[in-house]
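In this text, residue positions in the sequence shown follow the numbering used here: the first is 1171, and each later residue adds one.
Glycine included, C-beta positions come from ideal geometry on N, C-alpha and C.
First up is the structure itself, then whatever we jot down about it.
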Amino acid sequence: MYCLQALKIIMTTVIPKIEQLSSRVWRILGCNPGPYTLQGTNVYLVGTGQKRILIDTGDADKPEYIQNLKDTIKTQQTGIQQILITHYHHDHVGGIADVCNALDLGSTVSVSKLPRNPPQEESIESTSKSYNYLQDGEVLKTDGATLRAVYTPGHTDDHMVLVLEEEQAVFTGDCILGEGTAVFEDLFTYMKSLEKLVSLKPQKLYPGHGPVIDDAVPKVQMYIDHRNMRERQIMEVLSGNTDKWMTPMDMVKIIYVDVPEHLHIAAAGNVDHHLTKLEKEKKIVRRDDGGTVQWKKSSL
Ligand SMILES: [Zn+2]
């Protein structure tokens, strides 16, 4: 329970609905607050020219956000050159049709993202547009801004961050959030993506949710340390019980001893992600005992 309280306390930074963050970056809030989106999705307008790049589009049916986006574009006397999408989640792609309709974006304005992995067909809801697929490392330019796509899977299988070369900044999508810690589909690839983020040596992070992060590398390192601490605890439990096979719940009862029992199922899901990663690294082995998956430290 204390975890939830801690989360509430740190989720207090108020983000204005429209804000200029640098000479080439504006942030428009998606107006879709929720437990997983903090105050909502951050939509970024990037560049200095008469046509700029939009990063992510927020969720569908958020008229206040669409109006704010229209107002920003009008006051900046600019338009949209192209739309870039960090990953397929609805709070990032859901607004594509509304943005295209409200700004009257014709077929020349592309909507680009990395493909799903493994590949699968994707359509954009309520529009005749289809995705233009980018490649890892591809560079996208607009007046005043150079963006480089970097494949960073883990939160989702198609996730990319965008390096803004002029500011040594990174648009992190949901790989790193402005507050709290992110959820992920695959911890093994997620951790590799966090390491990749550190290697980019960013000065500043523009996250998909929450405020701008100025202490960029320490923040990413904090994410890495948090996950490594949990992993160490799991390995300690398995190392101390080499004579038996254990379920995630067996481990939860030892590691999450201070957490109330009704949260143990959620904690077991978390442990499960770590176990899958440790198995990929060949540090532990699994067996299926009549439908119950159990784990043990590898004897290698
Ligand atoms: Zn997401």
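- Just measuring C-alpha positions, the residue of A1438, R1400, K1374, D1344 sitting nearest H1329 is D1344.
- Between the segment 1310–1320 and the segment 1215–1235, the count of Cβ pairs shorter than 8 Å is three or higher; the stretches touch.
- The continuous alpha helix (DSSP H) containing V1368 extends over residues 1357–1369.
- When DSSP states are grouped into helix, strand and coil, G1200 belongs to the coil group.
- DSSP, read as helix, strand or coil, puts T1316 in strand.
- When DSSP states are grouped into helix, strand and coil, E1337 belongs to the helix group.
- In the structure shown, T1342 adopts extended strand secondary structure according to DSSP, grouped into three states.
- Take the alpha-carbon of H1259 and the one of P1323: they are about 13 Å apart.
- Inter-residue distance for P1388 and L1367 is about 11 Å (C-alpha atoms, whole angstroms).
- V1463 and C1270 have their C-alpha atoms some 47 Å from each other.
- Secondary structure at I1454: strand, using DSSP grouped into helix, strand and coil.
- E1449 sits in a helix when the DSSP states are folded into three classes.
- For T1342 against L1375, the beta-carbon gap comes to about 5 Å, under 8 Å, which counts as contact.
- Here V1216 is actually not in contact with L1347; their C-beta atoms are around 19 Å apart, not less than 8 Å.
- For I1383, the closest alpha carbon among the candidates V1340, N1398, V1213 is that of V1340.
- Secondary structure in the segment 1209–1297: the alpha helix (DSSP H) runs of 4 residues or longer, each lying completely within the stretch, are 1233–1245, 1260–1263, 1266–1272 in chain order.
- For E1189, the uninterrupted beta strand (DSSP E) segment begins and ends at 1188–1192.
- When beta bridges are read from the DSSP output, H1379 appears opposite T1211.
- In this structure, the beta-carbon distance from Y1303 to P1288 does not fall below 8 Å.
- Here the alpha carbon of N1202 sits roughly 49 Å from the alpha carbon of S1469.
- Distances from the CB of T1326 to the heavy atoms of ligand 1 include at least one below 7 Å.
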